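Worksheet: one structure, shown below.
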Amino acid sequence: MKCLTCNSFSFNILCDACASSFFNISISNRILADDLVVYSFYPYSEVEEFIKTKHTHIGSKVFNVLSKYSFKNFSKEFYHDRKVYALPIDDKLSKNYSHTAILAKSLKSKIIKPKYSVLRAKNNVNYSAKSLEFRLKNPRDFEYSFKRGIDVILVDDIITTGTTLSEAKQTLKKYDVNVLFALTLADARL
45 MKCLTCNSFS FNILCDACAS SFFNISISNR ILADDLVVYS FYPYSEVEEF
95 IKTKHTHIGS KVFNVLSKYS FKNFSKEFYH DRKVYALPID DKLSKNYSHT
145 AILAKSLKSK IIKPKYSVLR AKNNVNYSAK SLEFRLKNPR DFEYSFKRGI
195 DVILVDDIIT TGTTLSEAKQ TLKKYDVNVL FALTLADARL
């Protein structure tokens, strides 16, 4: 197999040298209008080609590598005084996997427990490359089907306008679910 980045021979989707470049994380944050803090591990421009693999057969392998160096390392340093659930945004299967479920799974620790298939959009509209106006006119219309009164971390791959994460937070608020913050791989504004 060839490394996706440098095309050298590798037993993995990325060779060791290219994979080590993902150690250089500079976490950024953005605060949305509803006071939701969103932490991102990479500027979108640095991982754009990798994130676009979510629509291909190799996407699961790529997302496993990305999550290993970002979400998994984050979970090792995270502390909270009670159990926290990691909720992937709309983790429906595509190409036999869910990229947001892979990210949430990598957060698993003594404190963080991923919970799948509990925050799903009824509207399956594609937001990719769509304007804020389009996103506001076509809400995701989330459904929630889990416990009330818990602490959660929202998990998504990209933050662009923040409408998806804000809408998810508003849905969870109706169920007395406390969203601590959101984690994304990349921020499209950086």
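Residue numbers (my numbering): 45 to 234. Every residue, glycine too, gets a C-beta built ideally from N, C-alpha and C. Quick caveat, the model's predicted, so the values are computed rather than measured.
contact_flag[the stretch 189-202, the stretch 147-161] where n(CB pairs < 8 Å) is 3 or more: yes
Isoleucine 194 versus phenylalanine 225: straight-line alpha-carbon distance, rounded: 13 Å
Bridge partners - aspartate 134, DSSP secondary structure assignment: Answer is none; aspartate 134 lacks a bridge partner.
Contact the stretch 94-112 vs the stretch 181-188: 3+ CB pairs below 8 Å: Because the criterion of three Cβ pairs below 8 Å is not met, the stretch 94-112 and the stretch 181-188 do not touch.
Proximity of tyrosine 188 and leucine 216 at Cβ, strictly below 8 Å: yes
Beta-bridge partners of isoleucine 203, as assigned by DSSP: Asp231
Where serine 175 falls, given that 16 or more other Cβ within 10 Å makes a residue buried: exposed
Residue nearest to arginine 164 in terms of C-alpha spacing, selected from Lys127, Asp134 and Asn56: Looking from the CA of arginine 164, the closest CA among Lys127, Asp134 and Asn56 belongs to Asp134.
Spatially closest choice to leucine 76 from Ala212, Lys218, Leu229 and Tyr219, by CA coordinates: When only C-alpha atoms are compared, the closest one is Ala212.
Residue range of the unbroken beta strand (DSSP E) whose run includes lysine 157: 156-158
Exposure of serine 150, with buried meaning 16 or more beta-carbon neighbours within 10 Å: buried
Cβ neighbour criterion (16 or more within 10 Å) applied to lysine 223: It is valine, not lysine, that sits at residue 223 in the sequence shown. When all chains shown are included, valine 223 counts as buried.
4-residue-minimum alpha helix (DSSP H) runs that sit fully inside the stretch 53-78, ordered along the chain: 60-64
Cβ pair isoleucine 69, tyrosine 83 closer than 8 Å: no
Where the alpha helix (DSSP H) through alanine 148 begins and ends: 143-149
Enclosing alpha helix (DSSP H) for leucine 180 [first to last residue]: 176-181
Nearest neighbour of proline 132, chosen from Ala173, Phe186 and Phe94 [CA to CA]: Phe186
Alpha helix (DSSP H) runs contained entirely in the stretch 79-127, provided each spans 4 or more residues: 88-95, 103-113 and 115-121
Any non-hydrogen atom of the ligand FMN within 7 Å of threonine 49 CB: You won't find the ligand FMN in this model; it holds no ligand whatsoever.
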